[in-house]
Amino acid sequence: MPDEVHQNQILREVYLKELRTQKLSTEYHVNPLRKVHTITRKPMSWHENLEEPADARFLNLIHHAAQGPRKKYPDTQTESQEIGWDSEPLVSPERDDRRLNHFRVHSDITLYKAKVWSLGEDDRHT
84 MPDEVHQNQI
94 LREVYLKELR
104 TQKLSTEYHV
114 NPLRKVHTIT
124 RKPMSWHENL
134 EEPADARFLN
144 LIHHAAQGPR
154 KKYPDTQTES
164 QEIGWDSEPL
174 VSPERDDRRL
184 NHFRVHSDIT
194 LYKAKVWSLG
204 EDDRHT
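Here my numbering = 1-based position in the sequence shown + 83.
What follows is the structure, encoded as structure tokens:
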């Protein structure tokens, strides 16, 4: 392992080499041999895209791609689609049917106890 003198000499050589090869650029210009635009358009600006007509075929393709698989295809295309393909309930859910829907019913005493418990109080007599 080199000692401090050798380490310092190595660092000095690296520093001098960096100073010799360093080039400060103060003038910038565009390469005239390149055939590209130097300033790009903003892709989301609405005022630059007004003159472009809407392509009906492209719009139909985009709308078709945005649809769900059930609207696009008559049958499943993959094994994974078979799991949720028939997702409509067999029995229509009726909210008025008391046999299937058990809603919370609040009375005065249940509201009072809920408020007591939410405050963290214990009203049991010991």
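Quick reminder that beta carbons are idealized off the backbone N, C-alpha and C, glycines included.
Under a three-way DSSP split, which group does Ile122 fall into?
Three-state DSSP puts Ile122 in coil, outside helix and strand.
Straight-line gap, Arg103 to Leu94 (C-alpha atoms, nearest Å):
So the alpha carbons of these two residues sit roughly 14 Å apart.
Check the Cβ-Cβ distances between Ser170 and every residue of chain B, and say whether any is below 8 Å.
In summary, chain B is missing from the structure at hand, where a single protein chain is found.
C-beta atoms of Pro152 and Gln164 nearer than 8 Å:
Yes; because the gap between Cβ atoms is below 8 Å, this pair is in contact.
Between the alpha carbons of Val174 and Asp180, how many angstroms are there, rounded?
Each residue's Cα considered, the two are about 12 Å apart.
Range of the contiguous alpha helix (DSSP H) that encloses Pro152:
Residues Pro152 to Lys155.
Quick check on DSSP: helix, strand or coil for Glu110?
In the displayed model, Glu110 falls within coil according to three-state DSSP, outside both helix and strand.
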